[in-house]
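To keep things clear, I will list the structure first and then write my remarks on it.
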Amino acid sequence: MTLTHKELEKLVQRAQGGDSTAFEQLYRATSSAQRYLALGYLKDADAADEAVQEVYLNLYRKLPQIESGRSVVVYLNHTTYFVCQNKKRWWQRQRDATVQDADLEGLESSEEQSQPELSLQRKERDRQLYAALEALPDRQRAAILLRYFNNCRINEIAEILSVSRNTVLRDLKNAKRQLRAEMGDFFPAIFPLGICLQAALQQDAAAIGLGGGQAKTGIKARTALAACAVAAVGAASIGALLPPRITGAQCQVFTPTTASITARVQGPQIRQVYVTTEGQHLPMSQQDGSYVVTATQNGCYTITAVTAAGNKTSRQVMVTGLDDEPPQIVCWGQQEGYVSVCLTDSGSGVDWSSVRATGDDGTVFFSSQTDPASGTVLLALPLGSYCLEATDLAGNRVSGLLTVQ
2 MTLTHKELEK LVQRAQGGDS TAFEQLYRAT SSAQRYLALG YLKDADAADE
52 AVQEVYLNLY RKLPQIESGR SVVVYLNHTT YFVCQNKKRW WQRQRDATVQ
102 DADLEGLESS EEQSQPELSL QRKERDRQLY AALEALPDRQ RAAILLRYFN
152 NCRINEIAEI LSVSRNTVLR DLKNAKRQLR AEMGDFFPAI FPLGICLQAA
202 LQQDAAAIGL GGGQAKTGIK ARTALAACAV AAVGAASIGA LLPPRITGAQ
252 CQVFTPTTAS ITARVQGPQI RQVYVTTEGQ HLPMSQQDGS YVVTATQNGC
302 YTITAVTAAG NKTSRQVMVT GLDDEPPQIV CWGQQEGYVS VCLTDSGSGV
352 DWSSVRATGD DGTVFFSSQT DPASGTVLLA LPLGSYCLEA TDLAGNRVSG
402 LLTVQ
């Protein structure tokens with residue numbers, strides 16, 4: 002199946018939004034070309050299959066960074082090259098393997114082929130291992146698969162799962178403790194559990210009901226088959242643990258007092274989206290594929306999206322342009338029995354009906370004449386002291402003292 006760059010881009014966008022079937026379609030559309038490429042580099046069919054699985058696990062991890070159909074093809078070509086080069090270097094190092102490495106090869110020796118009971122024991126171990134992996138919490142299972150199957154470093158796992166390095170170390174420790182308890186005697190006591198996991202994960206996936214197609218033999222062939230099976234389990238676990246993505250956030254002012262904050266969010270099983278500002282927590286509602294909330298004051302708003310698994314992503318947006326400044330009393334003076342007050346407002350404008358003066362005895366005097374063009378009002382005030390008040394059309398209030406003598 003050959004797809005155009007535009008069609009590939011649509012699959013990438015769907016996969017970025019948490020659509021697992023889109024990633025499967027992307028794999029089917031591009032994996033054959035990558036296998037031929039890997040076969041040319043490695044000259045070994047089984048090794049090429051194994052390399053392709055590693056390439057697509059890397060693609061899954063880097064999927065949020067892919068921007069177009071053309072870039073996904075470029076990424077796959079480059080990654081296939083580097084994965085194959087790494088395998089060649091690994092083969093070179095294996096020529097000087099340690100005694101412990103040789104012992105590990107002995108976990109599946111020619112003796113197993115000649116003794117059927119050993120083969121049955123291996124198959125039972127594989128089934129028990131798969132069941133033990135499935136029993137782990139999602140994040141622990143993802144950490145185990147990334148560490149011991151895909152050979153990711155601790156910092157890389159922390160980045161993929163959006164947790165701290167210490168959390169990854171704690172998850173690996175707890176997962177290994179549980180696996181050892183579940184597996185019991187199936188792991189030799191003389192080897193570290195992590196090394197035994199690597200050896201066990203490299204067994205025939207068909208033996209645990211996950212493989213398909215023509216049967217293959219040999220360590221490398223079983224590794225290629227197991228890669229398909231474990232990659233499927235790992236991708237599902239990692240997909241559930243990926244943080245959401247806030248792909249767009251903007252603010253639009255509708256009135257002097259209200260603005261709309263809109264965010265576009267992608268990710269698996271979005272549980273809630275909300276904004277916070279100066280201690281306020283405002284839930285955003287879904288509307289036409291986006292999340293929306295009304296803001297009533299200027300400032301920095303933090304948008305947070307949360308998945309069902311509890312993973313969070315935040316992004317900030319600034320709200321500006323709302324009228325939060327009161328009008329200004331420019332000057333006042335007495336003329337012909339009236340008090341003339343000059344007001345100005347650079348935002349929504351003065352609410353001229355709100356201008357009033359309150360005397361010491363509580364008597365309220367409103368303007369007698371208003372001239373919005375010149376920005377002045379006239380008040381007929383007896384002698385005394387007054388509190389002058391005015392608001393703008395956004396409701397911002399100003400006050401000042403004046404004395405009529």
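Going letter by letter, the sequence shown gives residues 2 to 406 in my numbering. Just so it is clear, CB atoms sit at the ideal spot from N, CA and C, and this is done for glycine as well.
Nearest-angstrom Cα separation, counted from residue j out to residue i
i, j, result
"L38", "I271", "38 Å"
"S375", "C388", "22 Å"
"Q281", "T259", "16 Å"
"L40", "Y28", "17 Å"
"A159", "R171", "11 Å"
"V164", "E25", "26 Å"
"A232", "T263", "Low local confidence applies: a pLDDT of 47 at A232 is under 50, so the model's placement there is unreliable, with the coordinate-based value given in what follows. Cα-Cα distance, rounded: 36 Å."
"G213", "K177", "Annotation note: pLDDT 36 at G213 (below 50); position unreliable, coordinate value reported separately. One C-alpha to the other measures close to 29 Å."
"V74", "A296", "42 Å"
"A190", "E279", "Interpretation of A190 is limited by its pLDDT of 47, a score under 50 that renders its predicted location unreliable; the figure taken from the coordinates is listed afterwards. Roughly 56 Å between the two C-alpha positions."
"A46", "W92", "15 Å"
"R148", "K174", "12 Å"
"I155", "V169", "7 Å"
"I67", "A182", "40 Å"
"P284", "T80", "41 Å"
"P250", "N312", "It should be pointed out that residue 250 corresponds to Ala in this sequence rather than to Pro. Their backbone Cα atoms lie some 19 Å apart in a straight line."
"E10", "Q141", "32 Å"
"P244", "I145", "19 Å"
Cβ neighbour criterion (16 or more within 10 Å) applied to residue i
i, result
"F367", "exposed"
"V13", "buried"
"S315", "exposed"
"S400", "exposed"
"D50", "buried"
"A143", "buried"
"D372", "exposed"
"P138", "exposed"
"V331", "exposed"
"G107", "Note that G107 scores 48 on pLDDT, short of 50, meaning its location in the model is unreliable; the coordinates nonetheless yield the value given after this. Flag for G107 reads exposed."
"Q336", "exposed"
"N167", "exposed"
"R62", "buried"
"Q287", "exposed"
"A306", "buried"
"Q253", "exposed"
7 Å CB neighbourhood of residue i in its chain, flanking five on each side removed
i, result
"R71", "H6"
"G348", "P257, D324, E326, D393 and A395"
"P65", "Q17 and R246"
"M184", "Q129, L130 and A133"
"Q35", "V53, V56, L77 and T81"
Proximity below 8 Å, CB of residue i to CB of residue j
i, j, result
"G426", "T308", "Past the boundaries of the shown model lies residue 426; the chain is included only from 2 to 406, so the question cannot be answered."
"Y302", "V318", "yes"
"D289", "V351", "no"
"L60", "L43", "no"
"V356", "L382", "no"
"L180", "A132", "no"
"V342", "W353", "no"
"L1", "A30", "Lying outside 2 to 406, the shown extent of the chain, residue 1 is not represented and no answer is given."
"V340", "I304", "no"
"G300", "V320", "yes"
"G322", "D361", "no"
"S419", "V53", "Outside the shown range of the chain (2 to 406) lies residue 419, about which nothing can therefore be said."
Beta-carbon proximity list for residue i, same chain, < 8 Å, skipping 5 on both sides
i, result
"N87", "none"
"Y82", "L38 and Y42"
"V365", "R357, A358 and T359"
"F255", "S261"
"A136", "Q179 and E183"
"T248", "R265, V266 and Q267"
Nonlocal neighbours in the same chain, by C-beta distance under 6 Å from residue i, ignoring five residues either side
i, result
"G18", "Q267"
"A23", "L12, R15 and A16"
"E8", "none"
"P328", "L344, D346, V351, A391, D393 and V399"
"Q370", "L379"
"V234", "Interpretation of V234 is limited by its pLDDT of 46, a score under 50 that renders its predicted location unreliable; the figure taken from the coordinates is listed afterwards. Answer for V234: no residue qualifies."
"L403", "W333, Y387 and L389"
"D20", "none"
Beta carbon proximity, residue i to chain D, threshold 8 Å
i, result
"E25", "Note that chain D does not occur in the displayed structure, where there is just one protein chain."
Alpha helix (DSSP H) runs contained entirely in the segment 135-184, provided each spans 4 or more residues: 139-149, 155-162 and 166-184
At 4 residues or longer, and completely inside the segment 310-380: list those alpha helix (DSSP H) runs for me, N to C. none
Just to confirm the assignment: which complete alpha helix (DSSP H) runs, minimum length 4, are found wholly within the segment 44-83? 46-63
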